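A.B. asks: The structure under discussion is supplied below as structure tokens; questions concerning it will follow.
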Amino acid sequence: MKTIYKTSLLASLTLIFITACGSASSDAKKVEIKKVSAPAVEATATTQPAAKKVESQFEEGKHYVEIFPEMQTDSEPGKVEVVELMWLGCPHCYSLEPQILKYKENHPKYVEFKQVPAMLNPSWSADANTFFIAELLDPKGEKELIHRAFQAIHDQKRRLRNPDAVTRFFVQQGFTEEQVNNVRNSMAFQAKLKRAQEISSTSQAQSVPTIIINGKYRTSPYMAGGNDKVMEVLRFLAKQENK
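Mature numbering (1 follows the signal peptide of the UniProt record, and there is no 0) puts the sequence shown at residues -24 to -1, 1 to 219.
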């Protein structure tokens, strides 16, 4: 049993390290370590039918949690709002990006999907600025500016942390300095920053990436068991909310 416990503990700590950037961190290398899995128990035979296992595949309190009080959503009537709370400086958010991009293109019609830059740490505000400048310059996402910003930060090791560096980045994407400054000084830009702060606070998230479903549930790769699993939990909860 001691061997099993040590193996379980090591696996849990490894999973935390690879799936989340914590709110207490000032850079992408620090992660939040809050929970350690309970000791593993020896497997036992079961007579439960297969159908029962499918029904309980995702459990509240384990794979996702309920948000209380429930968050206010901004989606259209009849839509299920799905929000990815993320940070451009987070390597785990960048790792999840391929699945997120695929989901954005193929999610059900009843879903309204949004990415929101997390404001869990004061140092993350610079990346939130970059995110919303990109979103306002390219509202339809045709130039994939968010993805290009991810690439610049993680693949090219660029530091988009001050206004001049951010402006240069967007000029290189084909925009003028005047366009960038107009967006940066707009009321729409300030409104988006304020709403991101509200979502970050009311979601009660402590790390990113975090997925919020219809203002009622919160999950993450750490809770769900990895990037693929969190997308399964997302689909499960969104479908449940559409009933």
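Heads up, the beta-carbon is just placed ideally off N, CA and C, and yes, glycines get one too.
Computed from a predicted model, the values in this text were never measured in an experiment.
1) By Cβ distance below 7 Å, which residues in the same chain neighbour Ser179 in space, the five residues on each side in sequence not counted?
2) What are the boundary residues of the beta strand (DSSP E) that includes Met62?
3) Restricting to Cα atoms, I'd like to know which of Glu81, Leu72, Val142 and Val56 is closest to Asp103.
4) Please classify Pro74 as buried or exposed, where buried requires at least 16 other C-beta atoms within 10 Å of its C-beta.
5) Leaving out five residues before and five after Leu77 in sequence, what residues of the same chain have Cβ atoms less than 8 Å from its Cβ?
6) Taking the alpha carbon of Leu113 as the point to measure from, which residue in Phe151, Asn138, Glu36 and Trp100 has its own alpha carbon closest?
7) Measuring CB to CB, does Phe212 end up less than 8 Å from Phe34?
8) According to DSSP, simplified to helix, strand and coil, what is Ser176?
9) What's the gap between the Cα of Ser99 and the Cα of Asn157?
10) Any idea what DSSP makes of Glu217, helix, strand or coil?
11) Taking all protein chains shown into account, decide if Lys168 is buried (16 or more other Cβ within 10 angstroms of its Cβ) or exposed.
12) Express the C-alpha separation of Lys219 and Cys66 in angstroms, rounding to a whole number.
13) Can you check whether the C-beta of Pro67 is within less than 8 Å of a C-beta belonging to chain B?
14) Give me the Cα-Cα distance between Glu36 and Tyr198, rounded to the nearest whole angstrom.
15) Roughly how far, in whole angstroms, is the beta-carbon of Ile175 from the beta-carbon of Val41, given that I think they are within contact range, below 8 Å?
16) Which residue or residues does DSSP assign as beta-bridge partners of Thr143?
17) Looking at the structure shown, is Cys69 part of a helix, part of a strand, or coil, going by DSSP?
18) I'd like to check one pair, Ala94 with Trp63: are the Cβ atoms closer than 8 Å?
19) Return the Cβ separation of Val147 and Glu153 in integer angstroms, given the expectation that the two are a contact with Cβ distance under 8 Å.
C.D. replies: Taking the structure as given:
1) Cβ within range, chain order: Ile43, Met47, Leu61, Thr186, Ile188 and Arg194.
2) Met62 -> beta strand (DSSP E) spans Val56 to Met62.
3) Considering only alpha carbons, the answer is Val142.
4) It counts as exposed.
5) Counting only residues of its own chain and dropping the five nearest sequence neighbours on each side, Leu77 has a CB closer than 8 Å to the CB of His123.
6) When only C-alpha atoms are compared, the closest one is Phe151.
7) Yes, they are a contact pair.
8) Reduced to three states, the DSSP call for Ser176 is helix.
9) The alpha-carbon separation between Ser99 and Asn157 amounts to approximately 21 Å.
10) Under the three-state reduction of DSSP, Glu217 is assigned to helix.
11) So Lys168 ends up on the buried side.
12) Pairing Cys66 with Lys219, the inter-Cα distance amounts to about 34 Å.
13) Given the protein chain composition of this structure (a single chain), no chain B is represented.
14) A direct Cα-Cα distance of roughly 14 Å separates Glu36 from Tyr198.
15) For a cut-off of 8 Å, the C-beta gap from Ile175 to Val41 is around 16 Å, too long to register as a contact.
16) Note: Thr143 sits in no beta bridge, so no partner.
17) Here Cys69 sits in helix by DSSP.
18) Against a cut-off of 8 Å, the Cβ pair of Ala94 and Trp63 comes out as a contact.
19) That belief holds up - the Cβ atoms of Val147 and Glu153 are roughly 6 Å apart, short of 8 Å.
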